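S.K.: Taken in order, the sequence shown gives residues -19 to -1, 1 to 65; the numbers are from mature numbering (1 follows the signal peptide of the UniProt record, and there is no 0). Mind having a look at this structure? Questions to follow.
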Amino acid sequence: MKKIIFAIALVGALASCTATEKGTAIGAGTGALIGGVATHSWGGAAVGAVAGGVVGNLIGRSEERRGYCIYRDRYGHRYEARCR
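Here it is as structure tokens:
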């Protein structure tokens, strides 16, 4: 019963998040799980959580700006515009 309540609370909390926040949370959770299982230690879980959070954050950011690309002008300045 506790697991079901926890799962419902987690889904409810993630439902109101942006794509970046969801990606970070899912990546950190998955990374912690994989790191903990692979190393059988809390330290491995912590490293996995950090690494998964970073990767999840990057993936989430790319989802928020779908359809936009980063370009450089002739002076080397970066700007963002709709993809061609």
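Glycine included, C-beta positions come from ideal geometry on N, C-alpha and C. From a predicted model like this one, the values you see are computed outputs, not experimental measurements.
To the nearest angstrom, report how far apart A26 and R55 are at their CA atoms.
M.R.: Each residue's Cα considered, the two are about 45 Å apart.
S.K.: Starting from the Cα of G34, find the closest Cα among Y52, T20 and A13 and give me that residue.
M.R.: For the residues Y52, T20 and A13, the minimum Cα distance to G34 belongs to A13.
S.K.: Applying the criterion that 16 or more other CB atoms from any shown protein chain within 10 Å of the CB defines a buried residue, is T(-2) buried or exposed?
M.R.: Under this definition T(-2) is an exposed residue.
S.K.: Assign R48 to one of two classes, buried (16 or more other C-beta atoms within 10 Å of its C-beta) or exposed (fewer than that).
M.R.: The identity of residue 48 in the sequence shown is Gly, whereas the question assumes Arg. Classification for G48: exposed.
S.K.: Taking 8 Å as the cut-off, decide whether the C-beta atoms of C50 and A32 are in contact.
M.R.: In this structure, A32 does not lie closer than 8 Å to C50 by Cβ.
S.K.: Between T5 and G37, is the Cβ-Cβ spacing less than 8 Å?
M.R.: Yes, Cβ-Cβ distance for T5 and G37 is below 8 Å.
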